[in-house]
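Protein chains in written order, with this note's numbering: chain S, 1 to 261; chain H, 1001 to 1261. Step one of this worksheet: look at the structure below.
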DNA sequence: GTCAATATTCTCATTTTATGAGAATAGAAT
DNA sequence: ATTCTATTCTCATAAAATGAGAATATTGAC
């Protein structure tokens, strides 16, 4: 193993179930000598990506909070989406959670979320948690918009695999309707309504979705929420498209050395 | 420059004002050859810390969102604090923002925040933004609790510097009272009330603070909010202390190789 | 479509740095 | 005091990053 990947390897041992590690345990898990592990950890601590917890244990460091804020402030999708999500949960007039999610490697990850006030349930989708690619309205709304080549690379299944053809047909259906509605696919009892947020020229493949208690929705509400989700998703897409068109020509979001001084 | 620091250097060129960079611009700013810059960026993209934006521009990548969530879920201070902040803004019965902040190198950074519903103003303190060490109730409440040696190292001023003695006296006063109340020190028109969250044995130096419109507070409310902040901060400290005492002996938060399998 | 101008990747000899075994030291528990 | 373990240090060696320039791809202008 080498250079950068050693640092990545150390960061990767941290997860929901293992949030504090001693250096000897990291060394053993990663199969590297203690001296190397101590050095790597020290460098990560200096950079703020790890920090000493107690009794020689280390946990993730505050640099992640700092970079996450920077991303929240500057990422076009997150920035445009956050405002839209607030509007959506306001206008839903029902307990719900609104999510903005995107492709992340071969998974889907929520990058912004907003819950209505009185919402008691919790969605499995939450900001920063990778979720399965082929389940739930949130994911399918994205999948349905992918170019065929990319889709096949992602799901990786041979066309003869069981479930391949049904999925293809479902995605085609979603593409036609312009939205995807599911119930109990991720969380039992919860319904999901999702619409795509696609700006190909900016490389954006995302979806806006609304999660609500399935049993509390009648057909009228369902239609209303679909409309709400679809139009909010369009708004975000438009904003991103507009922003992309302006920034790629004039606006100094693309930095030059001068503007750094 | 070498190894890891090259990656850090690339990440550091990203800031609020410069959120998208072309590789040639990074190379020039950092003073490294293009080939090196392209390689570094490619590695960071592979790791998810950067991602291609458009027209050869790169922005911060989704890995930061993922690690930020992991930290939110597992960091004792953030986790314990988030719940407490919700309670505080609920019980404040006035438009306000509650913050949990901590030392971060030679600055103070908010690691969790929560705004009451009808809050119209915005505090300069926000999750993930480094703030000055010696201004504002939030920072001073932390400073006041630092061991003398650490404090001197942080503020770095010679004891004869103007402002040193007043600051020392103010901090002593805060230590005696157990809280710090200021007005218009960071944001004009806003008042800050902060109480320390200190758990020395766990290396926690933080503060809980409440920001509200100064002109809307009478003396009675002020006293009430001070009480609210002080008691919430105590609750968090207690929880952290308790958690520290248990985890350092038995609980498997400290990972062993077995629990990873 | 051609062509020019950039952007990006590739190659490889060289320099630099990371690596790891083990020694040295520090710290804690008994 | 005395283990035991955690952590840092040392240094010869192996490994990887580096960067100049060539090769290739991409883009935009026309």
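Quick reminder that beta carbons are idealized off the backbone N, C-alpha and C, glycines included. Quick caveat, the model's predicted, so the values are computed rather than measured.
Start-to-end residues for the alpha helix (DSSP H) that takes in residue i
i, result
"residue 1065/H", "1063-1074"
"residue 1192/H", "Per DSSP, residue 1192/H belongs to no alpha helix (DSSP H); it is in the beta strand (DSSP E), 1190-1199."
"residue 1181/H", "First-last for residue 1181/H: 1180-1183, but that is the beta strand (DSSP E), not the alpha helix (DSSP H)."
"residue 187/S", "Careful: residue 187/S lies outside any alpha helix (DSSP H) and carries neither H nor E."
"residue 28/S", "23-30"
"residue 34/S", "34-47"
"residue 1148/H", "1148-1155"
"residue 1014/H", "Per DSSP, residue 1014/H belongs to no alpha helix (DSSP H) and is neither H nor E."
"residue 138/S", "137-143"
Opening and closing residue of the beta strand (DSSP E) in which residue i lies
i, result
"residue 1051/H", "1050-1052"
"residue 1058/H", "1057-1060"
"residue 1167/H", "It is not in any beta strand (DSSP E) - residue 1167/H instead sits in the alpha helix (DSSP H) that spans 1164-1177."
"residue 101/S", "96-104"
Straight-line gap, residue i to residue j (C-alpha atoms, nearest Å)
i, j, result
"residue 93/S", "residue 1246/H", "44 Å"
"residue 1004/H", "residue 1056/H", "23 Å"
"residue 1025/H", "residue 1047/H", "21 Å"
"residue 144/S", "residue 172/S", "7 Å"
"residue 69/S", "residue 1114/H", "15 Å"
"residue 15/S", "residue 21/S", "11 Å"
"residue 197/S", "residue 220/S", "24 Å"
"residue 1154/H", "residue 116/S", "42 Å"
"residue 44/S", "residue 1012/H", "15 Å"
"residue 66/S", "residue 1130/H", "8 Å"
"residue 1028/H", "residue 1074/H", "39 Å"
"residue 177/S", "residue 18/S", "43 Å"
"residue 1182/H", "residue 211/S", "42 Å"
"residue 1052/H", "residue 164/S", "30 Å"
"residue 123/S", "residue 1194/H", "33 Å"
"residue 133/S", "residue 190/S", "18 Å"
"residue 1108/H", "residue 1077/H", "14 Å"
"residue 1006/H", "residue 1035/H", "13 Å"
"residue 32/S", "residue 225/S", "53 Å"
"residue 1218/H", "residue 1209/H", "18 Å"
"residue 1244/H", "residue 54/S", "8 Å"
"residue 1161/H", "residue 1170/H", "15 Å"
Reference residue i, options the options, closest by Cα
i, options, result
"residue 1201/H", "1182/H, 1187/H, 1241/H, 1065/H", "1241/H"
"residue 192/S", "10/S, 165/S, 30/S, 95/S", "95/S"
"residue 1128/H", "148/S, 63/S, 80/S", "63/S"
"residue 187/S", "237/S, 199/S, 67/S, 136/S", "136/S"
"residue 1223/H", "1061/H, 1179/H, 1015/H, 1244/H", "1179/H"
"residue 103/S", "234/S, 36/S, 227/S, 203/S", "203/S"
"residue 1233/H", "1218/H, 1216/H, 1099/H, 1067/H", "1099/H"
"residue 151/S", "209/S, 168/S, 30/S", "168/S"
"residue 1229/H", "1148/H, 1088/H, 1141/H", "1088/H"
"residue 1207/H", "1189/H, 1040/H, 1072/H, 1142/H", "1142/H"
"residue 1215/H", "1231/H, 1195/H, 1042/H, 1184/H", "1184/H"
"residue 1097/H", "1109/H, 1125/H, 1107/H, 1035/H", "1125/H"
"residue 1101/H", "1118/H, 1080/H, 1090/H", "1080/H"
"residue 1119/H", "1037/H, 1111/H, 1112/H, 1090/H", "1090/H"
"residue 1071/H", "61/S, 77/S, 71/S, 78/S", "61/S"
"residue 1121/H", "1084/H, 1213/H, 1050/H, 1205/H", "1213/H"
"residue 138/S", "111/S, 147/S, 50/S", "111/S"
"residue 1039/H", "1030/H, 1023/H, 1049/H", "1023/H"
"residue 140/S", "147/S, 156/S, 174/S", "174/S"
Bridge partner(s) assigned by DSSP for residue i
i, result
"residue 1131/H", "1108/H"
"residue 1207/H", "1101/H, 1196/H"
"residue 114/S", "98/S"
"residue 264/S", "The question about residue 264/S has no answer here: the residues shown for chain S are numbered 1 through 261."
Under 9 Å (Cβ pairs) to chain H, residues found in the segment 220-244 of chain S: 244
In chain order, what residues of the segment 51-82 of chain S put their CB closer than 7 Å to some CB of chain H? 52, 54, 55, 57, 59, 60, 62, 64, 65, 66, 67, 68, 69, 70, 71, 73, 74, 75
Closer than 8 Å, Cβ to Cβ, to anything on chain S: give me those residues from the segment 1006-1019 of chain H, in chain order. 1007, 1008, 1011, 1013, 1014, 1015, 1016, 1017, 1018, 1019
Using a Cβ-Cβ cut-off of less than 9 Å, list which residues of the segment 1137-1160 of chain H approach chain S; keep chain order. none
What are the residues in the segment 1180-1198 of chain H lying within 9 Å of chain S by C-beta distance? none
Listed from N- to C-terminal order along the chain, which residues in the segment 106-132 of chain S have their beta-carbon within a distance smaller than 8 Å of any beta-carbon of chain H? Hits within the stretch, in order: 109, 111, 117, 126, 127, 128, 129, 130.
Closer than 8 Å, Cβ to Cβ, to anything on chain H: give me those residues from the segment 91-107 of chain S, in chain order. 102, 104, 105
For the segment 1018-1047 of chain H, which residues have a beta carbon sitting closer than 8 Å to at least one beta carbon of chain S? Within the segment 1018-1047 of chain H, the residues whose Cβ lies closer than 8 Å to some Cβ of chain S are 1018, 1019, 1020, 1021, 1022, 1025, 1028, 1029, 1043, 1047, listed in chain order.
Closer than 9 Å, Cβ to Cβ, to anything on chain H: give me those residues from the segment 196-218 of chain S, in chain order. 201, 202, 203
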